[in-house]
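Residue numbers (the numbering used here), protein chains in the order written: chain A, 111 to 245; chain B, 111 to 245.
Just so you know, even glycine gets a beta-carbon here, dropped at the ideal spot from N, CA and C.
Just below is one structure, and these are the notes that go with it.
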DNA sequence: CGTTATTCCTATCGGATTAGTAGATTTTAA
DNA sequence: TTAAAATCTACTAATCCGATAGGAATAACG
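Here it is, written out as structure tokens:
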């Protein structure tokens, strides 16, 4: 299940991408428009800033704005940042690999094989979708 | 992320499918072989029994066995039973649909569109994979 | 300079979920 | 009648999630 964090993050990005100018938009404006708890959204936007997707301006008339054009914001990056690994099990994760502590040999593991296939499919979608495709 | 419940359930099913006869196998045998907490596995097998995938025999020499042939045990059923909805958001779930309380119109929602695509892909995999494919 | 509006940061909290445990009950084979 | 197994109910510890609180830093503006 998609966490609210991810969902809210996506909605905020969409909201920003729909703006006509890319002047800073205040958190409060986004949270009101999208029905999101302001404080929660605050922390989400902060993490989106840290990965270079959003820029921010402090102080009066400050706010958040897209740092890249929507075409260049890949869903795989957003999903990984907010939701975590795209893989359903750590042992098939490309960016967050971890060996299972059960399972002596993962090349023989049926679950492993299945989940590789799911990951490849999902990743394929997220790699080929940008923020622009959500609008 | 796949829950341990699902992972253990899948591994137990695979273990049972690999048996030569389909005489009952005791929980303790499965749990030892697959490194799974016996009591936890107990509850998992119970739910797999309730959906008609496993049969059980009580008492001495009792245990669990497959009720259908591995080809007839679809991953979509197992996943839905153990892991819950396949969709990442309730508003795109076929079997567990729920409207979002934010989001006035889901036909206009970018997240919705994206998640439909992911669901279709994942579902396609799980519908076309059976337990037999995991072996 | 001082006030105000904003992001930034840290800490905390309640509730839900997950993974696992304990123990008693029922059923069956031998 | 005994032992071995599934079944059932209840509980617990740990973790995560969504949200909140409060203050610090920063910038605009009069």
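*asked:* I'd like the list of long-range same chain contacts for residue 206 of chain B, defined as Cβ closer than 8 Å, with 5 residues on each side in sequence excluded.
replied: Once the five neighbours on either side are set aside, the close Cβ partners of residue 206 of chain B are 194, 195, 197, 200.
*Beta-carbon of residue 149 of chain A versus every beta-carbon of chain B: anything under 8 Å?*
Using a CB distance cut-off of 8 Å, residue 149 of chain A does not count as an interface residue toward chain B.
*Member of B:126, B:238, B:210 whose CA lies at the smallest distance from the CA of residue 184 of chain B*: For residue 184 of chain B, the nearest C-alpha among the options comes from B:238.
*Since residue 212 of chain A contacts residue 146 of chain B with CB under 8 Å, what's their CB separation in whole angstroms?*
With 8 Å as the limit, residue 212 of chain A and residue 146 of chain B qualify as a contact, their Cβ atoms being about 7 Å apart.
_residue 169 of chain A (DSSP reduced to helix, strand or coil)_ = Reduced to three states, the DSSP call for residue 169 of chain A is coil.
*Check whether the Cβ atoms of residue 220 of chain B and residue 161 of chain A sit closer than 8 Å, and answer yes or no.*
The answer is no: Cβ separation not under 8 Å.
*asked:* Tell me the DSSP secondary structure of residue 121 of chain B in three-state form.
replied: Residue 121 of chain B falls in the helix class under three-state DSSP.
*Look at the Cβ atom of residue 151 of chain A, then the Cβ atom of residue 141 of chain A, and state whether they are nearer than 8 Å.*
It is a contact, given that the beta carbons lie within the stated cut-off.
*Does any C-beta atom of chain A lie closer than 8 Å to the C-beta of residue 132 of chain B?*
Look at residue 132 of chain B: its C-beta is not under 8 Å from any C-beta on chain A.
*Helix, strand or coil for residue 176 of chain A, going by three-state DSSP, please let me know.*
Judged by DSSP in its simplified three-state form, residue 176 of chain A adopts strand.
*asked:* Less than 8 Å between CB atoms is the rule here; does residue 239 of chain A satisfy it with respect to chain B?
replied: For residue 239 of chain A, the answer is yes, since a Cβ of chain B falls inside 8 Å of its Cβ.
*Can you list the residues of chain B that residue 232 of chain A reaches, using a CB-CB cut of under 8 Å?*
Within chain B, the residues whose beta carbon sits less than 8 Å from that of residue 232 of chain A are 228, 231, 232, listed in sequence order.
*Euclidean distance between Cα positions of residue 203 of chain B and residue 231 of chain B*: Roughly 13 Å separates the two Cα atoms.
*asked:* The alpha helix (DSSP H) that contains residue 198 of chain B, what's its start and end?
replied: No alpha helix (DSSP H) holds residue 198 of chain B; DSSP gives it neither H nor E.
*Option in A:167, A:223, A:153, A:179 with minimal Cα separation from residue 129 of chain A*: Here the closest residue by C-alpha is A:179.
*With 8 Å as the threshold, decide whether the Cβ of residue 140 of chain B is near any Cβ in chain A.*
Residue contact with chain A for residue 140 of chain B: absent (no Cβ-Cβ distance below 8 Å to any residue of chain A).
*Taking residue 172 of chain B as the query, report the chain A residues whose CB atoms sit under 8 Å from its CB, ordered along the chain.*
None at all; the shortest Cβ gap to chain A is about 25 Å.
*Got a sec, what are the start and stop residues for the alpha helix (DSSP H) residue 218 of chain B sits in?*
Neither: residue 218 of chain B is in no alpha helix (DSSP H) and is coded neither H nor E.
*Simplified DSSP state of residue 240 of chain B, which is helix, strand or coil*: DSSP, reduced to helix, strand and coil, places residue 240 of chain B within a strand of the structure shown.
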